[in-house]
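Read in the working numbering, the sequence shown has 276 at position 276, and its numbers run on one by one without any break. Virtual Cβ for every residue (Gly too), placed ideally from N, Cα, C. All remarks here apply to the structure that follows.
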Amino acid sequence: MAPDTRFVVTRRDPGLTGGMAVEICEHKGVGHPDSICDGVAEAVSRALCRAYLSAYGAVQHYNVDKALLVGGESAPRFGGGRLIVPLRLIVCGRATALPDVAIEDLVRAAALDYLRAHLRCNPATFTVESAVRSGSPNLRRVIDGTAVHLANDTSFGAGYAPYSRLERTVLDIAEVLRLDDFRRVFPAAGDDYKIMGARVGDDIRVTVALALVDRAVENVAHYFDVKQAMREHVRAATGVSGALVFNALDDPAARDESGLYLTVTGLSAEHGDDGQVGRGNRVNGLITPLRTMSLEASAGKNAIVHVGKLYNVLALELARALCMDVPGVAGAAVQVLSTIGQPVESPALVVLELAAAESVFEAARERAVAIARERLADVGGLTERLIQGAVRVF
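Here you go:
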């Protein structure tokens, strides 16, 4: 790592969220339109990396962090409706050509493989289009075959630890909704869900939007029975305290399918809810407007030179390491800033905010900087884990 990386370490009283009177956080599930775009973009990114390693022995220039999901049209009906207009998924970006495989074919195959593996609806629900073109010659220079990888953007990453009680509650609910066991108990549960949590003082309120699949719902009364049973199951499984609301827009006086969150595929995108890369979860699985975070879309970005991906994951993992490995540190927030064209392991600025008592701060600061240097020196290891799909990015 170059010696000109600047480290700034600041202190605040223990408990980074303890003094916050109000807190808001959100999680978008795997079938949310924005999450579908994130997941497909990242799947294409990993497929390109594997193909480049096989063909060239090294990852080449690419970025596929632009994807758009255009919602379809459907007619949900109790017992089973129909999809009228399929969902249109467009993957956009730049990529170096491969010798034996058309980029367009690779993009489509990777996208469809991801959709089959992560969503329970018929893959024919989607049409997949590739709008991936060749890259900028200027940006291709940052990957020149040397061992030193240069940042392809001036950007920053941000992360923090640990999760607050509200954040942990939202993620616990998301984990329950994600499980196959949940869908065995509730076959009406779709893959599209969103969880919004709010805390005012000690009062927590969580609102869940969960698409129900029409073929597993008999009528209006059955819909509300299933919804109530799911709510009770989630509360029992997570121990969530405070208000827990499911599908707040439902009309309690509904007489038919209208006014209910009922779908054919389990996805809101089937009837017009569009999606886009980068509008969903950050790399920690949450959207947290009152916490330090970057608005960079990590999914689909180049796994070896794009700091919008690397530094966001690195900042999160570094914050967690500081909490675990530095005595006296109860919480940490991290920001890492790059300069385009400079080595990715040598950021321009690293800011570490430690929640620690003043009596231990000096020792904690030295240890924190040492850990940060170690993590930056191992950016190559992070790249390998990203290519393997071992690191979540949304």
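Roughly how many whole angstroms lie between the Cα atoms of phenylalanine 156 and alanine 390? Rounded to whole angstroms, phenylalanine 156 to alanine 390 spans 22 Å at the Cα level.
Among Leu89, Thr96 and His149, nearest to glutamine 342 - alpha-carbon criterion: Ranking the options by Cα distance to glutamine 342, first place goes to His149.
According to DSSP, simplified to helix, strand and coil, what is valine 344? In the structure shown, valine 344 sits in coil (DSSP, three-state: anything other than H, G, I, E or B).
Three-way DSSP call (helix, strand, coil) for isoleucine 304 in this model: Coil at isoleucine 304, not helix or strand.
Can you give me the start and stop residues for the alpha helix (DSSP H) that isoleucine 103 sits inside? Note, isoleucine 103: alpha helix (DSSP H), 103 to 118.
Taking the alpha-carbon positions, what's the arginine 58 to tyrosine 311 distance? Checking the sequence, you will find alanine at residue 58 rather than arginine. Taking the straight line joining both Cα atoms gives about 21 Å.
Strand pairing of tyrosine 160, partner residues [DSSP]: Its beta-bridge partners are Ala333.
Could you tell me whether the stretch 364 to 378 touches the stretch 347 to 356, using the rule of 3 or more Cβ pairs below 8 Å? Of all C-beta pairs linking the stretch 364 to 378 to the stretch 347 to 356, three or more are shorter than 8 Å, placing the two stretches in contact.
What residue range is occupied by the uninterrupted beta strand (DSSP E) comprising methionine 196? Element bounds for methionine 196: 189 to 200.
Start-end ranges of the alpha helix (DSSP H) lying completely within the stretch 17 to 45, minimum 4 residues: Qualifying alpha helix (DSSP H) stretches: none in this window.
Local Cβ density within 10 Å of threonine 238, reported as buried at 16 or more and exposed below that: Burial call: buried.
Inter-residue Cα distance where the pair is threonine 154 and leucine 349: Straight across, the Cα-Cα distance linking threonine 154 with leucine 349 is about 11 Å.
Does the stretch 327 to 340 come within contact of the stretch 69 to 81, defined as at least 3 CB pairs closer than 8 Å? These segments do not touch.
Please confirm whether valine 59 has its beta-carbon closer than 8 Å to some beta-carbon of chain D. Although the question refers to chain D, the structure presented lacks it and comprises just one protein chain.
Along the chain, where does the alpha helix (DSSP H) containing tyrosine 223 start, and where does it finish? That run of the alpha helix (DSSP H) goes 220 to 238.
How do the stretch 272 to 291 and the stretch 233 to 247 stand: do at least 3 beta-carbon pairs fall below 8 Å, yes or no? Segments in contact, no.
Opposite asparagine 63 in the DSSP bridges: which residues? In the DSSP output, where bridge partners are listed per residue, asparagine 63 has Arg94.
Name the DSSP bridge partner or partners of isoleucine 84? In DSSP, isoleucine 84 forms no bridge with anything.
Taking 8 Å as the cut-off, does the stretch 157 to 172 touch the stretch 188 to 205 (at least 3 CB pairs, one atom from each stretch)? The way I'd put it, the stretch 188 to 205 does touch the stretch 157 to 172; three or more beta-carbon pairs between them come closer than 8 Å.
How big is the Cα-Cα spacing for leucine 262 and aspartate 214? Looking at the two C-alpha atoms, the distance is approximately 6 Å.
Exposure label - asparagine 63; buried when at least 16 CB within 10 Å: By the 10 Å Cβ count, asparagine 63 comes out buried.
Terminal residues of the alpha helix (DSSP H) in which glutamate 366 lies: Where glutamate 366 is concerned, the enclosing alpha helix (DSSP H) stretches over 361 to 377.
Given that a residue counts as buried once 16 or more other Cβ atoms are within 10 Å of its Cβ, and exposed if not, what is serine 134? Exposed: under 16 other Cβ atoms inside 10 Å.
To the nearest angstrom, how far is the alpha carbon of arginine 77 from that of leucine 98? So the alpha carbons of these two residues sit roughly 46 Å apart.
Three CB pairs or more closer than 8 Å across the stretch 39 to 57 and the stretch 288 to 307: A contact exists between the stretch 39 to 57 and the stretch 288 to 307.
Between arginine 80 and valine 132, which are expected to be in contact by the criterion C-beta below 8 Å, what is the C-beta distance as a whole number of angstroms? Here residue 80 turns out to be glycine, not arginine, going by the sequence shown. By a beta-carbon distance limit of 8 Å, glycine 80 does not contact valine 132. Their separation comes to about 36 Å.
Spatial neighbours of valine 185 within its chain, please: CB distance less than 8 Å, with the 5 preceding and 5 following residues excluded, ordered by chain position. His233.
Bridge partner(s) assigned by DSSP for glutamine 388: For glutamine 388, which the question treats as bridged, DSSP gives no partner whatsoever.
Report buried or exposed for serine 130, applying the criterion of at least 16 other Cβ atoms within 10 angstroms of its Cβ. Serine 130 is buried by the Cβ-count criterion.
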